[in-house]
Amino acid sequence: MYVENPPPNYQMLIAPLPEAVTILSHLSANLDFIHFFTKSRPELAASIGHYAAQIQPNGMIWVSWPKKSAKVATDVTEDVIREIILPLGLVDVKVCAIDEVWSGLKLVIRRENRPNLRKAQ
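Residue 11 is where the sequence shown starts when you use the working numbering, and the numbers rise one by one after that.
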């Protein structure tokens with residue numbers, strides 16, 4: 011698991027983690043899970059393709075952005091995320107409230123773009 015730009019209370023939000031889960035300090039390949047916090051559309055656009063290349067075919071990326079009600083300056087919304095990720099072969103499958111400030115959108119590689127599924131068919 012890799013986390014980018016986590017809020018100060020992130021450890022509290024996810025505790026306790028299963029024993030098998032390790033939070034990496036550096037991005038690496040073949041990850042099951044990346045959690046990316048961003049307030050910036052340009053940052054999202056510049057980073058998400060690279061993150062998508064680092065997950066396993068059945069892995070996931072959660073993108074989190076400040077809720078409108080949080081009154082945190084941001085140009086990221088669900089629609090902005092979809093506009094950026096859909097052309098990259100990603101699709102959103104879940105949305106949730108992380109806490110009172112952050113929303114999250116779960117992204118996965120579109121089924122027809124997963125290498126292991128194409129080989130199995």
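Heads up, the beta-carbon is just placed ideally off N, CA and C, and yes, glycines get one too.
It should be emphasised that the depicted structure is a prediction, and the values quoted were computed from it without experimental measurement.
Is the separation between the beta-carbon of E14 and that of F43 shorter than 8 Å?
In this structure, E14 lies away from F43, with their beta-carbon atoms at least 8 Å apart.
Evaluate H45 with the Cβ neighbour count: other Cβ atoms within 10 Å of its Cβ, from every protein chain shown; 16 or more gives buried, anything less gives exposed.
Around the beta-carbon of H45, 16 or more other beta-carbon atoms lie within 10 Å, marking it buried.
What do you get for L117, buried or exposed, if any count of 16 or more other CB atoms within 10 angstroms of its CB means buried?
With 16 or more Cβ atoms within 10 Å of its Cβ, L117 is classed as buried.
From the DSSP output, read off the bridge partner residues of P70.
Checking the sequence, you will find Met at residue 70 rather than Pro. The partner list for M70 (beta bridge, DSSP) reads F43.
Neighbourhood of G69 by C-beta distance below 7 Å, restricted to the same chain and skipping five residues each side
The beta carbon of G69 sits closer than 7 Å to the beta carbons of L41, D42, F43 from its chain, once the five residues preceding and following it are set aside; these are given in chain order.
Opposite A107 in the DSSP bridges: which residues?
In the DSSP assignment, the residues bridged to A107 are S113.
Quick one: what's V13 bridged to in DSSP?
According to DSSP, V13 bridges with H45.
Could you check the C-alpha separation between H36 and S79 for me, to the nearest Å?
For H36 and S79, the gap between their C-alpha atoms comes out near 32 Å.
Nonlocal neighbours in the same chain, by C-beta distance under 7 Å from L23, ignoring five residues either side
If we look at L23 and ignore the five residues flanking it on each side, its Cβ neighbours are I108, D109.
Same chain only: Cβ atoms within 8 Å of Q64, ignoring 5 sequence neighbours per side
The residues Y12, L37, S38, A39, N40, L41, I44, in chain order, have a CB closer than 8 Å to that of Q64 in the same chain once the five nearest residues on each side in sequence are set aside.
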